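Right, one structure below, let's go through it.
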Amino acid sequence: MSGNKHFAISDKESDKTVLVTGGAGFIGSHMVISLVEKYPNWHIINLDKLDYCSSLKNLASVEQRANYMFIQGDVCCPYFINRLFATHNIDIVFHFAAQTHVENSFQCPAEFMRVNVDGTLVLLNAARDSGVQRFIHISTDEVYGERTNRSFDELCPRRPTNPYSVSKATAECAALSYWTKHKFPVIVTRSNNVYGPHQYVEKVIPRFISLLQQNKKCTIQGSGLQSRHFLYVDDVTEAFLTVLEKGMLGEIYNIGTTCELAVTQLARELIKMMQGLSQDSDVDGWMEFVEDRPCQDLGYPLIFDKIQRLGWRPMVSWEEGIRKTIDWYKENSHDWLDTEVFEPRSQPLPGAKRMNQQLEINSIDQHSDTSAHLTE
Ligand SMILES: NC(=O)c1ccc[n+]([C@@H]2O[C@H](COP(=O)([O-])OP(=O)(O)OC[C@H]3O[C@@H](n4cnc5c(N)ncnc54)[C@H](O)[C@@H]3O)[C@@H](O)[C@H]2O)c1
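Every letter in the sequence shown is one number past the one before it in the numbering used here, and letter 297, counting from 1, is 325.
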């Protein structure tokens, strides 16, 4: 198989079946919606366990579409996943499903390894055996670890510093080994922080928005000097489609941005926008500094020339993206989020039972105790 061969994504008439894992979560739900809307002749299967951070309400705009199907299930269950691939002729996999919250990973590192590594291996095996044409493995900038005096390109070593990034680094090694050993068509992406509608409130931007909506102060861990690069979610889904269409097999693509904000600066901007303040002195009263988490990396500046050479670049400005995000949380916070938002849900949402189709696998316990661990 040639690593240079382009995938015929532009042929909208062709009939492809796409599996998106974790499609009821933040980024996965935007990916599903984008695929369903852009490729009406493709069949989009959203496989999600419906963990605490997910919601089928994220998919409301596409749930009635003929080319969309939701299946509730766990990527860690080989029997279930093998049956899924045996009963659907899957051409493309976008693998988003993961445990994603760094702070939780300190409480239950083994669970992060189980879902993020074992789950990836289960999927890779099933996908390889059934002859999938593209496996886009979604990884993260966090695998680069502690910031150095230069930006990270794809050849920089992995130096993960927390259980989440260790599990993601391990998972991408596993994925790339399937290319090396079996020439299974894997491509890995590592993106900067993503923000936008649908993100669960444990992550920094929705957490600050949500606190401010409740007239509470933004809680900033440590000095707040740590910074993050923020990409709007629509730009990231475009990047994934670019990689699908033009990416080289067995390669890694950074998905980056120059939009960098220190956490205190982020809080200041959100406070000004949401509380209608203009004076810095007024803003200070809305910030509270709390204990830092362990191993807080200072930031992950990326060199992303490689994906830019494929024709992708971020298009949504910070001003536009954050405005859309705030508006979404203002309009949706009452039905999607809990009023007290900082405890992860221990049970799937009621909407979890409304699925378009259920595989004939009734014996599988789809509610393993993952979420219970996360609430401890
Ligand atoms: N959000 C970011 O800033 C960011 C940045 C870079 C990379 N990523 C990566 O992108 C992917 C998606 O991130 P997100 O922010 O949308 O996460 P998220 O936590 O919002 O969504 C994860 C989804 O995976 C599902 N899931 C968890 N365990 C599962 C299992 N065992 N079986 C099936 N489904 C399961 C959850 O129910 C949820 O819907 C992750 O792999 C993450 O590492 C995220």
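Backbone N, C-alpha and C fix where the C-beta goes; we use that ideal spot for every residue, glycine too.
Since the structure is predicted, the reported quantities are computational estimates derived from the model, not experimental observations.
8 Å Cβ cutoff met for residue i and residue j
| i | j | result |
| --- | --- | --- |
| C246 | W314 | yes |
| H116 | T45 | yes |
| A52 | F113 | no |
| K196 | N144 | yes |
| H226 | S89 | no |
| L338 | G275 | yes |
| G224 | V261 | yes |
| L151 | V121 | yes |
| H20 | H123 | As displayed, the chain neither begins before 29 nor continues past 404, which places residue 20 out of reach and without an answer. |
| C201 | G147 | no |
| F332 | N282 | yes |
Buried versus exposed, by CB contacts within 10 Å (16 or more), residue i
| i | result |
| --- | --- |
| M59 | buried |
| A267 | buried |
| R382 | The pLDDT assigned to R382 is 32, lower than 50, so where the model puts this residue is not dependable; a value taken from the coordinates is nonetheless given after this. Exposed, because fewer than 16 other Cβ atoms sit within 10 Å of the Cβ of R382. |
| N74 | buried |
| P19 | The structure shown does not extend to residue 19, since the chain is modelled only from 29 through 404, so no value can be given for it. |
| N220 | buried |
| A199 | buried |
| R296 | buried |
| S345 | exposed |
| P185 | exposed |
| T286 | exposed |
| Q100 | buried |
| D366 | The predicted model places D366 with a pLDDT of 49, which falls under 50 and marks its position as unreliable; any figure quoted below should be read in that light. Classification of D366: exposed, given that the 10 Å Cβ count is below 16. |
| S309 | exposed |
| S62 | buried |
| P342 | buried |
| Y67 | buried |
| N318 | The residue asked about is misnamed: residue 318 is Val in this sequence, not Asn. That one is exposed. |
Expected contact under 8 Å - CB spacing of residue i and residue j to nearest Å
| i | j | result |
| --- | --- | --- |
| Y328 | E182 | Incorrect: roughly 13 Å between the Cβ atoms, too far for contact. |
| G207 | G278 | Rather than Gly, the amino acid found at residue 207 in this sequence is Trp. The pair is a contact, with the Cβ atoms about 4 Å apart (cut-off 8 Å). |
| V216 | A203 | 6 Å |
| A125 | D157 | Between D157 and A125 the Cβ distance is about 19 Å, and since that is not below 8 Å, they are no contact. |
| R175 | L326 | 4 Å |
beta-carbon residue i near ligand 2 non-hydrogen atom, thresh 7 Å
| i | result |
| --- | --- |
| C81 | As presented, the structure is devoid of ligand 2, carrying ligand 1 as its sole ligands. |
Residues that DSSP places opposite residue i in a beta bridge
| i | result |
| --- | --- |
| D76 | Q100 |
| E288 | H257 |
| Q242 | Paired residues: none, contrary to the question. |
| Q249 | V318 |
| L330 | F180 |
| N221 | F258 |
| N282 | R218 |
> Is the region 179-196 touching the region 222-240, taking contact as three or more C-beta pairs under 8 Å?
Replying inline: no
> Between the region 183-191 and the region 132-139, are three or more C-beta pairs nearer than 8 Å?
Replying inline: yes
> Would you call the region 241-255 and the region 289-296 in contact, with 3 or more CB pairs under 8 Å?
Replying inline: yes
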